[in-house]
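> I have a structure here, written as structure tokens, and I will follow up with some questions on it.
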Amino acid sequence: MAYIQGEARDQTSLFPVSLEELIPDDHLVRVIDAYVARLDLKLLGFAKATPKSTGRPAYDPADLLKLYLYGYFHRIRSSRRLEAECLRNVEVMWLLNRLKPDFKTIADYRKDNGQAFSATCRAFVQFCRQAGLIAGELVAIDGSKFKAVASARRHVDLKKLKRQQEKLDKRIAQYLAELDEADKSEANEAVDRSAVKTALERLQAKQADNLTCQALMQALELEQFITTESDARMMRTPRGGRVAYNVQTAVDAEHCLILHHEVTQDGNDTQQLEPMAKAAQSELQQDVLTVTADAGYSNGEQFQACEDAGITAYVPPNRAVNNRGGDTQLFERSDFTYDAESDQYRCPAGKLLTLKQLNRGERIYHAAISDCSACPLKAQCTNAQRRYLRRHAHEAAFERMEQRLQAQPEMMASRRSIVEHPFGNLKQWLFGNGRFLLRQLKGARTEMALAVQAYNLKRAINVLGARHLIGLMG
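full-length UniProt numbering applies: residue 1 is where the sequence shown begins, and numbers increase by one.
Printed below as a string of structure tokens:
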């Protein structure tokens, strides 16, 4: 029995198949084409959005934007690979009308239009709002570390430099001792000191470089520095220290679309709740907003700032325990009652703790020594002469946060189901190994804008379907 046979390679056709016939009506490239066609590239800030009347014509930025959206959708980020797709991929041929830009043109386009990509990402969020894909009822905020281009071997910090300096000092002292010993030696054989002097000069040069680097970092008030990518930072991750950037996202609960994202240099999330929540509020154009985040965002000052802006936050407060009793379990702060009118605490024994001093935004209260010395509960309260309590400058904001979480404990489960989904897709589907291709903060932000745009586009297609989405864009 014969196999199914294809057409002969030399078979000619009276009516050759066109590219239009090869692309289904509900294909991704038709969505990309319809979306880019509705954008005002000049208003978004794309370079060369207005063609010149003289000189060699440039590529239309709309065509290159289509190419990058297609590329990031299919995990193709390299400019050389995108160039290859233009030569072999029928879908890209349809999308670009058989244009074949070289890799340098493709790479320069991405390098020169970082802010425009971010503006395009925001424009798609507004389109999704109009299409009813974004409800704005609940927004989850989270951060994740994405590896930078630079290697961890390029990381330098003051502690490492000082350790290297100590080693260099010891080796230099050793070589100097060898030279002194050679001078004192009375051996008949002549000692060749040139090799020792050469090694000593190299060590002294390294020592001078080390001291210069330390002086520069201290003058610039830098704790760490990446020699090949100054914007990147060494950050703590579940897999150990990595040279990375901290990517923040604000995700709408309705369909897990990313409302806003930001690439930061902060190693933790304690300063990110307020700016991300306010940015999401601005994107949604709402006076009030409900957000949720994990305990890494615990910050009393930011809790208060969110409340002042009409943002109701649900974040588990991450508080230090005011308990230093060793093996003995002492009374905690929650065991004391605070009176806001008199600005005093009342202890479990009924005695008052009055304000002692202000220290870096904290209010420190203490009990009278006479009250503590005669108190029958002192062994359960403190090992010192008197009991001290610290009250955060925004303690009331912490207390209101705890009350909200007690009233709605399901918010934390909702947070995980909303915000973990986008990061899983961005790292595994888009970035593969989770590493950026472009250096510095500008390059990382450019890539993340393209990645977020591709993710949101994929979500919109999955929810509405390609045909419906194309209809809305028309």
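No residue lacks a Cβ here, since even glycine has one placed at the ideal position from N, Cα and C.
In terms of residue numbering, what span does the alpha helix (DSSP H) encompassing Q115 cover?
Here residue 115 is taken as the residue at index 115 of the sequence shown, counted from 1. 114-130 is the span of the alpha helix (DSSP H), which, as asked, contains Q115.
> Tell me the rounded alpha-carbon separation between I32 and V139.
As a first step, residue 32 is located in the sequence shown; it is residue number 32 there, counting from the start. As a first step, residue 139 is located in the sequence shown; it is residue number 139 there, counting from the start. The alpha-carbon atoms of I32 and V139 are separated by roughly 27 Å.
> Take E189 and list the residues in its own chain whose beta-carbon comes closer than 6 Å to its own, dropping the five residues that flank it on each side.
Working through the sequence shown from its first residue, we reach residue 189 at position 189. Because E189 sits at a pLDDT of 47, beneath the cut-off of 50, its placement in the model cannot be relied upon, and the following sentence gives the value as read from the coordinates. No residues qualify anywhere along the chain.
> Report yes if the CB atom of P229 is closer than 8 Å to the CB atom of R439, and no otherwise.
Here residue 229 is taken as the residue at index 229 of the sequence shown, counted from 1. Here residue 439 is taken as the residue at index 439 of the sequence shown, counted from 1. The displayed chain sequence assigns Glu, not Pro, to residue 229. Yes, the Cβ-Cβ distance between E229 and R439 is below 8 Å.
> Rounded to a whole number of angstroms, what is the C-alpha to C-alpha distance between T12 and R154?
The residue you call residue 12 lines up with position 12 of the sequence shown. The residue you call residue 154 lines up with position 154 of the sequence shown. Their backbone Cα atoms lie some 59 Å apart in a straight line.
> Excluding sequence positions up to five away, which residues of its chain have a Cβ less than 6 Å from the Cβ of A279?
Walking along the sequence shown from the start, residue 279 turns up at place 279. Excluding residues within five positions, the ones whose Cβ falls inside 6 Å are H260.
> Measure the alpha-carbon distance for H392 versus H366 and round it to whole angstroms.
Working through the sequence shown from its first residue, we reach residue 392 at position 392. Working through the sequence shown from its first residue, we reach residue 366 at position 366. Cα to Cα, the separation comes out at about 15 Å.
> Going by beta carbon distance, what residues of the same chain come within less than 6 Å of G474, once the five residues before and after it are set aside?
The residue given as residue 474 occupies position 474 in the sequence shown. Excluding positions up to five away in sequence, the list is empty.
> Please name the residue or residues paired with E314 in a DSSP beta bridge.
The sequence position of residue 314 within the sequence shown is 314, counting from 1. For the record, residue 314 in the displayed sequence is Tyr; it is not Glu. The partner list for Y314 (beta bridge, DSSP) reads T292.
> Does the separation of the CB atoms of D419 and D142 fall below 8 Å?
Residue 419 sits at position 419 when you count from the first residue of the sequence shown. Residue 142 sits at position 142 when you count from the first residue of the sequence shown. Looking at the sequence provided, one finds Val at residue 419 rather than Asp. Against a cut-off of 8 Å, the Cβ pair of D142 and V419 comes out as a contact.
> Name the residue from D335, K111, I172, A152 whose alpha carbon lies nearest to the alpha carbon of Q207.
Stepping through the sequence shown from its first residue, residue 207 is reached at position 207. Checked all of D335, K111, I172, A152; the closest Cα to Q207 is I172.
> Where does F73 fall in DSSP's three states?
Numbered from 1 along the sequence shown, position 73 holds the residue referred to as residue 73. Looking at F73 - three-state DSSP - the assignment turns out to be helix.
> Pull the bridge partners of G350 from the DSSP assignment, please.
The residue you call residue 350 lines up with position 350 of the sequence shown. Paired residue(s): none; G350 is not in a bridge.
> Less than 6 Å between C-beta atoms, sequence neighbours within five positions excluded: which residues of the same chain meet that for D266?
Stepping through the sequence shown from its first residue, residue 266 is reached at position 266. N246, listed in sequence order.
> Do you know whose CA, among C306, A379, H468, lies nearest F331's CA?
In the sequence shown, residue 331 corresponds to position 331, counting from 1. Nearest C-alpha to F331: A379.
> In the DSSP assignment, find the beta strand (DSSP E) that holds S144 and state where it starts and stops.
Locating residue 144 in the sequence shown gives position 144, where the first residue counts as 1. 139-147 is the extent of the beta strand (DSSP E) around S144.
> DSSP on E91, reduced to helix/strand/coil?
Stepping through the sequence shown from its first residue, residue 91 is reached at position 91. Helix at E91.
> Drop a sphere of 10 angstroms on the beta-carbon of S370, count the other beta-carbons inside from all chains shown, and report buried for 16 or more, exposed for fewer.
Here residue 370 corresponds to residue number 370 of the sequence shown, with the count starting at 1. Counting Cβ neighbours within 10 Å, S370 comes out exposed, since fewer than 16 surround it.
> Going by Cα to Cα distance, which pick from E447, P376, C306, R163 is closest to H394?
As a position in the sequence shown, residue 394 is number 394, starting the count at 1. Closest option to H394, Cα to Cα, is C306.
> Within 10 Å of its beta-carbon, does F73 have 16 or more other beta-carbons around it, so buried, or fewer, so exposed?
Taking the first residue of the sequence shown as position 1, residue 73 is located at position 73. Result: buried.
> Rounded to whole angstroms, what's the CA-CA distance from K197 to E181? Just pull it up for me.
Counted from its first residue, the sequence shown places residue 197 at position 197. Counted from its first residue, the sequence shown places residue 181 at position 181. In a straight line, the C-alpha of K197 is about 14 Å away from that of E181.
> Locate the alpha helix (DSSP H) running through D252, then write down its first and last residues.
Against the sequence shown, residue 252 aligns to sequence position 252. Unbroken run through D252 is the beta strand (DSSP E), 240-252; no alpha helix (DSSP H).
> For A250, which residues from the same chain have a beta carbon less than 6 Å from its beta carbon, with the 5 sequence-adjacent residues on both sides left out?
Taking the sequence shown and counting its residues from 1, one reaches residue 250 at position 250. Contacts found: V139, I141, L259, H260, M276, A280.
> Assign P16 to one of two classes, buried (16 or more other C-beta atoms within 10 Å of its C-beta) or exposed (fewer than that).
Position 16 of the sequence shown holds residue 16. Classification for P16: exposed.
> What does the alpha-carbon distance come out to for the pair A384 and D335?
To locate residue 384, count along the sequence shown from 1; it is residue 384. To locate residue 335, count along the sequence shown from 1; it is residue 335. Rounded to the nearest angstrom, the two C-alpha atoms are 18 Å apart.
> Taking the continuous alpha helix (DSSP H) assigned at L472, which residues delimit it?
As a working note, residue 472 is residue 472 in the sequence shown. 466-473 is the extent of the alpha helix (DSSP H) around L472.
> Excluding the 5 residues preceding and the 5 following I23 in the sequence, name in chain order all residues of the same chain whose CB lies nearer than 8 Å to its CB.
Mapped onto the sequence shown, residue 23 falls at position 23. V29, R30, V90, E91, W94.
> Using a Cβ-Cβ cutoff of less than 7 Å, which residues in the same chain neighbour residue 476 once the five nearest sequence positions on both sides are dropped?
For residue 476 there is no data in the structure shown, the boundaries of the chain being 1 and 474.
> Let me make sure I understand the geometry here. Which of A407, A374, A152, R38 has the alpha-carbon closest to that of L65?
Within the sequence shown, the letter at position 65 stands for residue 65. For L65, the nearest C-alpha among the options comes from R38.
> Return the residue from the list R333, T337, L389, C372 that minimises the CA-CA distance to L355.
Taking the sequence shown and counting its residues from 1, the one referred to as residue 355 is at position 355. Ranking R333, T337, L389, C372 by Cα distance to L355 puts L389 first.
> By the three-class DSSP mapping on this structure, what secondary structure does L99 have?
Here residue 99 corresponds to residue number 99 of the sequence shown, with the count starting at 1. Three-state DSSP puts L99 in coil, outside helix and strand.
> Quick one: any contact between the stretch 110-121 and the stretch 448-459, if contact means 3 or more CB pairs under 8 Å?
Contact holds: three or more Cβ-Cβ distances are below 8 Å.
> Spatial neighbours of R467 within its chain, please: CB distance less than 8 Å, with the 5 preceding and 5 following residues excluded, ordered by chain position.
In the sequence shown, residue 467 corresponds to position 467, counting from 1. Once the five neighbours on either side are set aside, the close Cβ partners of R467 are D25, D26.
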